[in-house]
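Here's the structure we're looking at; comments come further down.
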């Protein structure tokens, strides 16, 4: 099968099209079989994790098995959380990470941000499938940034997890839509949340396709970074040096896990070792 698909791709002129053909005909089936081997169950377009979390995978344009594997199998966000904590999820996408954290009894509340309306609706669907877990989750159809602004941004349904508020990642794609996106000042938005939960551990998960640089720059300006205890971040489009410098300035121990050198992505795991700023 793989040889046949690769042969067909020899006659497809565009790299992006070849990539989609290979994914739909080869890798989706492999990933599905792999997840079943890990104890996942699939029924009527719903995949259920071994922990009992249900995720809708029925939409055809952007089959989210890659996201499910990243969160529930590769355990990119697996923490041993022993203290009462809250999670701030910047870049909720379909809500998989928020639901994953909600299974932890020591996570008492989750604040999740997703700027793109169609993706936010997919997340709402997954929250509805998990009513007990979603009681913890406050979901906002907003993006975070350095300033408050309303933007008209390109959006494609075939790559919901790659949409960015700071860069056009849709060049060369077909079926591009325009979405109105509301960006809030990260410092103003998060300050009341941190005040309300100042007696709990503050965990920030950040996967927002390049906006992480301006978000943490803004949080640093208001010294909010020093009020955070743990940061789990995926960085995009640039070297992570500025992010590392900001975190170390506020007393974090930082570990960097390189991802794709071609697309300049990777992971940052940071734990604050210094006293929290009150």
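Residue numbers (our numbering): 48 to 325. Just so it is clear, CB atoms sit at the ideal spot from N, CA and C, and this is done for glycine as well. Computed from a predicted model, the values in this text were never measured in an experiment.
Same chain, Cβ closer than 6 angstroms to residue i, five either side skipped, listed in chain order
i: residue 262; result: 191 and 233
i: residue 314; result: 281 and 304
i: residue 324; result: 270, 273 and 274
i: residue 85; result: 120
i: residue 318; result: 277 and 300
i: residue 256; result: 211 and 283
i: residue 265; result: 193, 233 and 234
i: residue 250; result: 132, 134 and 277
Where the beta strand (DSSP E) through residue i begins and ends
i: residue 293; result: Segment 288-296 is the alpha helix (DSSP H) holding residue 293; no beta strand (DSSP E) there.
i: residue 231; result: 224-232
i: residue 363; result: Limits of the chain in this structure are 48 at one end and 325 at the other, which puts residue 363 out of reach.
i: residue 103; result: 101-103
i: residue 202; result: 196-202
i: residue 208; result: Note, residue 208: premise wrong, no beta strand (DSSP E); not H, not E.
i: residue 185; result: 184-187
i: residue 312; result: Where residue 312 is concerned, there is no enclosing beta strand (DSSP E), given that its DSSP letter is neither H nor E.
i: residue 192; result: 190-192
Start and end residues, alpha helix (DSSP H) containing residue i
i: residue 175; result: 164-176
i: residue 145; result: 143-149
i: residue 220; result: Looking at the DSSP string, residue 220 is not in any alpha helix (DSSP H), and its letter there is neither H nor E.
i: residue 115; result: 112-115
Identity of the residues DSSP links to residue i by a beta bridge
i: residue 248; result: 132
i: residue 319; result: 299
i: residue 253; result: 137 and 280
i: residue 89; result: 94
i: residue 304; result: 314
Residue i versus the options, residue with shortest Cα-Cα distance
i: residue 197; options: 289, 230 and 99; result: 230
i: residue 145; options: 91, 248, 223 and 125; result: 125
i: residue 320; options: 296, 312 and 311; result: 296
i: residue 221; options: 140, 151, 90 and 203; result: 203
i: residue 81; options: 158, 113 and 176; result: 113
i: residue 130; options: 174, 248 and 151; result: 248
i: residue 279; options: 253, 289, 267 and 287; result: 253
i: residue 159; options: 302, 237 and 209; result: 237
i: residue 140; options: 148, 151, 165 and 227; result: 165
i: residue 169; options: 111, 267, 243 and 285; result: 111
i: residue 213; options: 127, 171, 259 and 223; result: 259
Other residues of its chain near residue i: CB distance less than 7 angstroms, five sequence neighbours each side excluded
i: residue 92; result: 103, 104 and 105
i: residue 306; result: 312, 313 and 314
i: residue 99; result: none
i: residue 96; result: 87 and 119
i: residue 322; result: none
Same chain, Cβ closer than 8 angstroms to residue i, five either side skipped, listed in chain order
i: residue 173; result: 101, 102, 103, 141, 142, 143 and 146
i: residue 176; result: 93, 101, 102 and 103
i: residue 78; result: 112, 113 and 116
Mind listing, in chain order, the continuous alpha helix (DSSP H) runs of no fewer than 4 residues lying wholly within the stretch 256-287? 259-268
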